[in-house]
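Residue numbers for the sequence shown follow the working numbering, so the first one is 272 and each next one is one higher. Cβ atoms here follow ideal geometry from the backbone N, Cα and C, with glycine treated the same way.
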Amino acid sequence: MLRTARLTADEAGLAEAATILKRGGLVAFPTETVYGLGADATNAEAVAGIYAAKDRPSFNPLISHVESLKAAKIQGIFDETARKLAEAFWPGPLTLVVPVAPTCTVSDLARAGLDSVGLRVPAHPLAHDLLAATGRPVAAPSANRSGRVSPTDPDHVLSDLDGRIDAVVDGGASDVGVESTIVACLGGTPRLLRPGGVPREAIEALIRQRLDTGSEGGKSPLAPGMLASHYAPRAQVRLNAAEIRPGEAALLFGPTPLQGNEQAKAQLNLSKNGDLKEAAAHLFSYLRQLDASGARTIAVAPIPETGLGEAINDRLRRAAAER
Ligand code: TXA
Ligand code: MG
């Protein structure tokens with residue numbers, strides 16, 4: 272069990288927080304919406320730690336927090352609408368989902384394997400200073416255990432995550448209390464993925480356009496994560512494989528090879544030591560690489576259902592079912 276440090280909201284506290292993030296640790300920090308549970312977005316193992324700490328049973332794309340629009344443009348491609356929204360509402364409670372830029376450094380795991388990236392420049396001065404000191408994108412969902420309410424002060428964070436994360440920056444109460452509004456700008460009509468701190472009307476007035484919401488012109492917003500159709504490999508996915516059949520690619524886990532591995536078209540091991548955090552960190556990029564081998568089927572070795580294994584198996588089951 273970790274000891275969770277309570278860091279002061281001053282230069283020394285923020286320097287310590289940035290050091291922890293850069294070495295792959297987890298730091299909760301205040302934003303103007305809610306407290307975020309931050310990890311270096313470019314480090315997939317650090318991002319896997321977010322899921323482990325939250326006990327989250329599935330992977331969804333996370334918001335990467337950056338210091339400025341300039342920093343955001345390294346990660347994502349901003350069309351005219353996205354640029355307008357960023358210029359009007361950043362820093363602030365707005366997240367933009369945009370196509371990944373060729374220079375994007377946000378890990379596959381933080382994007383849940385998608386070709387888009389969720390970006391936000393928070394307005395809270397401590398969040399800003401922390402991002403500036405860290406100098407890289409910080410992935411951060413709300414800093415609560417899965418299924419609990421989003422925290423708006425450091426005591427909420429500690430009551431859920433004490434002993435599971437490295438530190439919390441004590442910045443007092445957050446003032447918006449609801450999460451950021453999420454808008455996807457992926458070409459075509461921009462879509463409201465989640466209502467939040469910036470009202471829909473303010474966005475529509477600025478871009479002089481109605482935001483898309485429901486699937487069939489309905490009024491209800493899409494459930495978070497629904498839009499961007501989760502990443503699915505082209506190949507078939509065969510779970511709990513005991514052997515590799517001719518022409519298959521294989522996704523392994525643990526020290527024992529699968530039978531028939533000499534006939535594999537390609538094979539990658541999520542974690543030779545059977546470390547689920549390492550496995551989560553590799554999951555999306557390995558699926559992509561195996562898919563690129565051209566194999567019709569990816570055989571997947573059994574992965575335990577404990578800890579992060581639940582989220583890994585959830586993702587694999589969906590990949591096996593999505594046809
Ligand atoms: O106010 C907030 O937004 C807080 C603070 C900490 O910034 N953060 C937050 O993050 O609520 P999170 O990770 O819980 O919300 C992420 C949501 C997901 O539900 C996901 O659907 C959407 O953002 N999202 C992020 N990237 C996406 C992408 N590439 N495509 C579609 N949805 C995306
Ligand atoms: Mg949340």
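query, result
"Can you tell me the Cβ-Cβ gap for L541 and L523, rounded? I've got them flagged as a contact below 8 Å.", "7 Å"
"Taking buried to mean at least 16 other C-beta atoms within 10 Å of its own C-beta, is E576 buried or exposed?", "exposed"
"Check whether the Cβ of E450 sits closer than 7 Å to any heavy atom of the ligand TXA, and report yes or no.", "yes"
"What's the call for V420, buried or exposed, on a 16-neighbour Cβ count within 10 Å?", "exposed"
"Near G468, what residues of its chain come up, given a Cβ to Cβ distance below 8 Å and the 5 sequence neighbours on each side ignored?", "E303, T304, G363, P364, L365, V447, V449, E450, S451, T452"
"Exposed or buried, S430, counting other C-beta atoms within 10 Å across all chains shown (16 or more means buried)?", "exposed"
"For G284, which residues does DSSP report across the bridge?", "Per DSSP, none; premise fails for G284."
"In the DSSP assignment, the alpha helix (DSSP H) including G320 goes from what residue to what residue?", "315 to 325"
"Can you list, in chain order, the residues of its chain with a C-beta nearer than 7 Å to that of F360? Leave out the 5 residues immediately preceding and following it.", "V469"
"Name, in chain order, the residues that DSSP records as bridge partners for D446.", "BP columns for D446 are empty, so no partner."
"Measuring from the CB of S417, is there a heavy atom of the ligand TXA at a distance below 7 Å?", "no"
"At a cut-off of 7 Å, is P470 close to the ligand TXA when judged by its beta-carbon and the heavy atoms of the ligand?", "no"
"Is L285 near the ligand TXA, with its Cβ less than 7 Å from a heavy atom?", "no"
"Which one of L333, S445, A283 has the shortest CA to CA distance from H395?", "S445"
"Closest to R637 by C-alpha separation, out of R505, V454, A520, A403, would be which residue?", "The shown model of the chain, from 272 to 594, leaves out residue 637, and the question about it has no answer."
"If you follow the beta strand (DSSP E) that S335 is part of, which residue opens it and which one closes it?", "334 to 336"
"Would you decide whether T527 is buried or exposed? Buried here means 16 or more other CB atoms lie within 10 Å of its CB.", "exposed"
"Could you name each continuous beta strand (DSSP E) segment of 3 residues or more that falls completely within the segment 518 to 544, going from the start of the chain to the end?", "520 to 523, 537 to 540"
"Can you tell which of I569, H427, R391 has the C-alpha that lies nearest to the C-alpha of K341?", "R391"
"What number of angstroms, rounded off, separates the C-alpha of A289 from the C-alpha of A317?", "13 Å"
"Since I569 sits in a beta bridge, which residues does DSSP pair it with?", "V508, A520"
"Quick one: does D426 have its CB under 8 Å from some CB of chain D?", "Reference to chain D is not applicable here, since this structure consists of a single protein chain."
"From this set, A283, F330, E282, V337, which residue's C-alpha is nearest G309's C-alpha?", "V337"
"Assuming L380 and A315 make a contact with CB atoms under 8 Å, what is their CB distance in whole Å?", "4 Å"
"Report the three-state DSSP secondary structure of V387 (helix, strand or coil).", "A small fix is needed here, since residue 387 is Ser in this sequence, not Val. It is a strand residue."
"Between the segment 529 to 536 and the segment 474 to 485, can you find at least three pairs of beta-carbon atoms closer than 8 Å?", "no"
"Can you tell which of R509, A582, P393 has the C-alpha that lies nearest to the C-alpha of A383?", "A582"
"Could you name the residues of the same chain whose beta carbon sits closer than 7 Å to that of S339, not counting the 5 residues immediately before and after it, in chain order?", "V392"
"Three-state secondary structure (DSSP) at E303?", "coil"
"I'd like the list of long-range same chain contacts for A410, defined as Cβ closer than 6 Å, with 5 residues on each side in sequence excluded.", "A310, A312, V318, L333, S335, A381"
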